[in-house]
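A.B. asks: Residue numbers for the sequence shown follow the working numbering, beginning at 697 and rising by one.
Quick reminder that beta carbons are idealized off the backbone N, C-alpha and C, glycines included.
Values in this document were obtained by computation on a predicted structure and should not be read as measured data.
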Amino acid sequence: MAEAGQAESEQDIESKIEETRQRFKSEYVEESQDKYDSRDVERLFKDDALVEGYLTWRHFVVEDALKMMDESLQWRKEFTLNDLSESSIPRWMFESGAVFLHGYDKEGNKLFWFRVKLHVKDAKTILDKKRYVAFWLERYAKREPGMPLTVVFDMSESGLSNIDMDFVKYIINCFKVYYPKFLSKMIMYEMPWIMNAAWKIVKTWLGPEAISKLKFVTKSDIQTYVDPEHLPPHMGGTDQFKYSYPPLPDDDFQSPICENGPIVSEDESDIKDTESESKEILESSFSSEQSIKPKKVNFIEDGQKPEEVERGEAGRLRGARKPTTTFKGTLLHISPSEELRFGAKESEKKCLIVLNNVTKNHVAFKVRTTAPEKYRVKPSNSSCEPGASVEIVVSLHGGFQASPQDRFLVMAAEMESSGGAGVSELAQFWKEVSKAKVMEHRLRCHVLEIPKSILSNSFESLSGTTNDHQDLQSTLMRLMATNSRLEQKLDSCLWTQKVLLGLVSFLLALAAYSLWTS
697 MAEAGQAESE QDIESKIEET RQRFKSEYVE ESQDKYDSRD VERLFKDDAL VEGYLTWRHF
757 VVEDALKMMD ESLQWRKEFT LNDLSESSIP RWMFESGAVF LHGYDKEGNK LFWFRVKLHV
817 KDAKTILDKK RYVAFWLERY AKREPGMPLT VVFDMSESGL SNIDMDFVKY IINCFKVYYP
877 KFLSKMIMYE MPWIMNAAWK IVKTWLGPEA ISKLKFVTKS DIQTYVDPEH LPPHMGGTDQ
937 FKYSYPPLPD DDFQSPICEN GPIVSEDESD IKDTESESKE ILESSFSSEQ SIKPKKVNFI
997 EDGQKPEEVE RGEAGRLRGA RKPTTTFKGT LLHISPSEEL RFGAKESEKK CLIVLNNVTK
1057 NHVAFKVRTT APEKYRVKPS NSSCEPGASV EIVVSLHGGF QASPQDRFLV MAAEMESSGG
1117 AGVSELAQFW KEVSKAKVME HRLRCHVLEI PKSILSNSFE SLSGTTNDHQ DLQSTLMRLM
1177 ATNSRLEQKL DSCLWTQKVL LGLVSFLLAL AAYSLWTS
């Protein structure tokens, strides 16, 4: 599948996407518009990544992708996915803790947990269970579009009574048909031998791509895929997370580190961020050209001259990696669209997040992260003028290294007043704004691999300082040789001791036999 995707050039992909859309419109939509939710059709005609996902999963065979899209969109309407909410799922299902999202694998993919022992086959509740799984998948797809999941079937303490083949087939179809390119891997933990026959049937439902993603593990080797801090104790991990409801489990997004150290609380962080950033006033000189192009917002400290600001801005942005992709939200266009890319070199320890305000009002924004001790974010809490752009610098702090498990959350909300972003105004605004009016977009971290040339250079530099090392190595070799000789002598002594013990035992037995016979 990956090879097929690589073989397609960018131009070929664009033409395939357009061909797929045109054929879907003429062969499926126009024939029966009631088959689908109009919101899904609209998204299909706007979102290139969505169509490309179907094509990639079907090896860029348009006919196969069309059938998959038809089946997927019909299923979405049947399950009313666009209107599916927490309140439309029976509360007892959330309370059971049988299915939930929590933690990450080693590649930074979210873990989707199925605790099999808590599932009991029941025809009366099967539809609710299917909607429950769909709720979690749709929730994740909206929060982290384009980012795959790792499914973990925790089969510890489960048996045949917990296996529902219809439900398992539905879960497989979710990743095989309804959510293309969503599955990273499927981890089967501690599968009882009695279920082997059932899983032979399951494999027949999987395509070759999905079969290659199946990983059967036990407690001894699950850490090949998931680090201990994201595994519960019964799997040999250290994660003390206990599922409870309400609320739904989510990433622990916190304020990033400020210049004076970690933030203590959310409210304090808002005040500190806005206080430090309110010292910077907006510089704007608009020409007829700039009224058309997005305005770039510079943060200028009191008493600074324009040339000092330019030097300061250049210093702040120096070394920051500029984004090349864009997520087009309702309030802000956010670049990059999916991930910040960090590496080991100094030039790879800064990234830019560029926000473009596409509304006619001021938009307040703030940035949160799951690893506040690692990152400095400036500005992390401010506002953006209508049509303007803001460049946010995210930099690694101290000797910390980025991890694929790290996440950033960009929150934005439209401000009705045009008063701007004073300390008190922003703090009060975030306290009063309705959650329904807040746009959220999540970014993951991508860790760049260390180039082989750097590794080879590091080995060469190590070999360049070998004088002391050679002396130490020769001493160590002599010690090892002496130790080897001592071991040989010890073995010889032990062998002699065993022989003598054998002879003594034989003589004692012979003497005892002589006494007994006399």
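With distances taken between CB atoms, is the gap from K911 to D860 smaller than 8 Å?
C.D. replies: What you label residue 911 is simply residue 215 of the sequence shown in a count that begins at 1. What you label residue 860 is simply residue 164 of the sequence shown in a count that begins at 1. No, the pair does not count as a contact, with Cβ atoms beyond the cut-off.
A.B. asks: Apart from the five residues just before and just after A1207, which ones in its own chain have a Cβ nearer than 7 Å to its Cβ?
C.D. replies: Position 511 of the sequence shown, counting from 1, holds the residue named residue 1207. Result list for A1207: empty, nothing under 7 Å.
A.B. asks: Less than 7 Å between C-beta atoms, sequence neighbours within five positions excluded: which residues of the same chain meet that for L814?
C.D. replies: Against the sequence shown, residue 814 aligns to sequence position 118. Once the five neighbours on either side are set aside, the close Cβ partners of L814 are S792, G793, A794.
A.B. asks: DSSP has E1136 in a bridge; who is on the other side?
C.D. replies: What you label residue 1136 is simply residue 440 of the sequence shown in a count that begins at 1. E1136 pairs with M1107.
A.B. asks: In this structure, does DSSP put I1049 in helix, strand or coil?
C.D. replies: Sequence index remark: in the sequence shown, residue 1049 carries index 353 (1-based). Reduced to three states, the DSSP call for I1049 is strand.
A.B. asks: If you draw a straight line from the alpha carbon of H1058 to that of G1025, how long is it in whole angstroms?
C.D. replies: The residue labelled residue 1058 in the question sits at position 362 within the sequence shown. The residue labelled residue 1025 in the question sits at position 329 within the sequence shown. Rounded to the nearest angstrom, the two C-alpha atoms are 15 Å apart.
A.B. asks: Between the Cα of A1084 and those of R839, L879, V1050, spot the shortest distance and give me the residue it belongs to.
C.D. replies: Stepping through the sequence shown from its first residue, residue 1084 is reached at position 388. That would be V1050, whose Cα lies nearest to the Cα of A1084.
A.B. asks: Of all the CB atoms in chain B, is at least one closer than 8 Å to the CB of K813?
C.D. replies: The structure shown contains no chain B; it is built from a single protein chain.
A.B. asks: Distance, Cα to Cα, L1028 vs T1055?
C.D. replies: Stepping through the sequence shown from its first residue, residue 1028 is reached at position 332. Stepping through the sequence shown from its first residue, residue 1055 is reached at position 359. For L1028 and T1055, the distance between alpha carbons rounds to 8 Å.
A.B. asks: Just to confirm the assignment: which complete beta strand (DSSP E) runs, minimum length 3, are found wholly within the region 814 to 878?
C.D. replies: List check, beta strand (DSSP E) in window: 845 to 850.
A.B. asks: List the residues that DSSP assigns as beta-bridge partners of C1141.
C.D. replies: Counting from 1 along the sequence shown, the entry for residue 1141 is found at position 445. DSSP lists L1036 as partners of C1141.
A.B. asks: Please determine if the region 798 to 810 and the region 757 to 776 are in contact, where contact requires at least 3 C-beta pairs separated by less than 8 Å.
C.D. replies: In short, these stretches do not touch, since the Cβ pair count stays below three.
A.B. asks: State the DSSP-derived secondary structure class of E1112, mapped to helix, strand or coil.
C.D. replies: Taking the first residue of the sequence shown as 1, we reach residue 1112 at position 416. The answer is coil: DSSP assigns E1112 none of H, G, I, E or B.
A.B. asks: Does the count of Cβ pairs from the region 1084 to 1095 and the region 905 to 924 closer than 8 Å reach three?
C.D. replies: No, the region 1084 to 1095 is not in contact with the region 905 to 924.
A.B. asks: Alpha carbons only, please: which of R1140, A1016, Q1184, S1078 is nearest the one belonging to A1067?
C.D. replies: In the sequence shown, counting from the first residue as 1, residue 1067 sits at position 371. Out of R1140, A1016, Q1184, S1078, R1140 has the C-alpha closest to the C-alpha of A1067.
A.B. asks: Helix, strand or coil for E920, going by three-state DSSP, please let me know.
C.D. replies: Reading the sequence shown from its first residue, position 224 is the one you call residue 920. The question names Glu, but residue 920 in the sequence shown is Thr. In this structure, T920 counts as helix in the three-state DSSP scheme.
A.B. asks: In the structure shown, what three-state DSSP assignment does S1079 receive?
C.D. replies: In the sequence shown, residue 1079 corresponds to position 383, counting from 1. It is a strand residue.
A.B. asks: Under the assumption that L1215 contacts I868 (Cβ atoms under 8 Å), give the Cβ distance between them as a whole number of angstroms.
C.D. replies: Residue 1215 cannot be examined here, being either before or after the span of the chain that is shown, 697 to 1214.
A.B. asks: In terms of alpha-carbon separation, which member of A1098, A1108, R1103, K1070 lies closest to V1086?
C.D. replies: In the sequence shown, counting from the first residue as 1, residue 1086 sits at position 390. Of the listed residues, the one whose Cα sits closest to V1086 is A1108.
A.B. asks: For V848, which residues of its own chain have a beta-carbon under 6 Å away from its beta-carbon, when the five flanking residues on both sides are left out?
C.D. replies: Within the sequence shown, numbered from 1, the residue matching residue 848 stands at position 152. Counting only Cβ-Cβ distances below 6 Å, and skipping sequence neighbours, we find L807, W809, I883.
A.B. asks: If V829 and C870 are in contact, beta carbons under 8 Å, what's the gap, nearest whole angstrom?
C.D. replies: Along the sequence shown, read from residue 1 onward, the residue named residue 829 stands at position 133. Along the sequence shown, read from residue 1 onward, the residue named residue 870 stands at position 174. About 6 Å; that satisfies the 8 Å criterion.
A.B. asks: Can you name the residues that DSSP bridges to I1088?
C.D. replies: Mapped onto the sequence shown, residue 1088 falls at position 392. Per DSSP, I1049.
A.B. asks: Can you tell me where the alpha helix (DSSP H) with K911 in it begins and where it stops?
C.D. replies: Taking the first residue of the sequence shown as 1, we reach residue 911 at position 215. Here K911 belongs to no alpha helix (DSSP H); instead the beta strand (DSSP E) covers 910 to 913.
A.B. asks: Counting only runs that start and end within the region 703 to 780, where is the alpha helix (DSSP H) found for 4 or more residues in a row?
C.D. replies: 706 to 720, 734 to 742, 744 to 753, 758 to 774, all fully within the region 703 to 780.
A.B. asks: For the beta strand (DSSP E) that contains A1060, what are its first and last residues?
C.D. replies: For the purposes of this step, residue 1060 is identified with residue 364 of the sequence shown, where counting begins at 1. 1059 to 1065 is the extent of the beta strand (DSSP E) around A1060.
A.B. asks: Suppose you measure from the CA of T752 to the CA of W1126; what does that come to, to the nearest Å?
C.D. replies: Working through the sequence shown from its first residue, we reach residue 752 at position 56. Working through the sequence shown from its first residue, we reach residue 1126 at position 430. Rounded to whole angstroms, T752 to W1126 spans 41 Å at the Cα level.
A.B. asks: What are the residues that DSSP puts in a beta bridge with Q1184?
C.D. replies: Sequence index remark: in the sequence shown, residue 1184 carries index 488 (1-based). According to DSSP, which records beta bridges pairwise, Q1184 is partnered with nothing at all.
A.B. asks: Beta strand (DSSP E) containing V1073: first to last residue?
C.D. replies: Your numbering for residue 1073 matches position 377 in the sequence shown. Counting along the chain, the beta strand (DSSP E) containing V1073 begins and ends at 1071 to 1074.
A.B. asks: Is L1122 helix, strand or coil when you go by DSSP?
C.D. replies: Numbered from its first residue, the sequence shown carries residue 1122 at position 426. Note: L1122 maps to helix in three-state DSSP.
A.B. asks: Would you call A761 buried or exposed, if buried means 16 or more other Cβ atoms sit within 10 Å of its Cβ?
C.D. replies: Sequence index remark: in the sequence shown, residue 761 carries index 65 (1-based). Buried, because 16 or more other Cβ atoms sit within 10 Å of the Cβ of A761.
A.B. asks: Use the C-beta contact count for I988: other C-beta atoms within 10 angstroms, 16 or more gives buried, fewer gives exposed.
C.D. replies: Your numbering for residue 988 matches position 292 in the sequence shown. Unreliable placement is indicated for I988, whose pLDDT of 39 sits below 50; the coordinate value is still reported in the next sentence. Exposed, because fewer than 16 other Cβ atoms sit within 10 Å of the Cβ of I988.
A.B. asks: Could you tell me which residues DSSP pairs with L797 in its beta bridges?
C.D. replies: Position 101 of the sequence shown, counted from the first residue, corresponds to residue 797. BP columns for L797 point to F808.
A.B. asks: Assuming P1019 and L1048 form a contact by the criterion Cβ under 8 Å, report the distance between their Cβ atoms to the nearest whole angstrom.
C.D. replies: Here residue 1019 refers to the residue found at position 323 when the sequence shown is read from its first residue. Here residue 1048 refers to the residue found at position 352 when the sequence shown is read from its first residue. The pair is a contact, with the Cβ atoms about 6 Å apart (cut-off 8 Å).
A.B. asks: Which of helix, strand or coil does DSSP assign to A1016?
C.D. replies: Here residue 1016 is taken as the residue at index 320 of the sequence shown, counted from 1. Strand, per DSSP.
A.B. asks: Of the residues P844, E727, H798, which one's Cα is nearest the Cα of S940?
C.D. replies: Position 244 of the sequence shown, counted from the first residue, corresponds to residue 940. S940 has its Cα closest to that of H798, out of P844, E727, H798.
A.B. asks: Please report the distance separating the alpha-carbon of Y724 from that of Y732.
C.D. replies: Taking the first residue of the sequence shown as 1, we reach residue 724 at position 28. Taking the first residue of the sequence shown as 1, we reach residue 732 at position 36. The straight-line gap from Cα to Cα measures roughly 10 Å.
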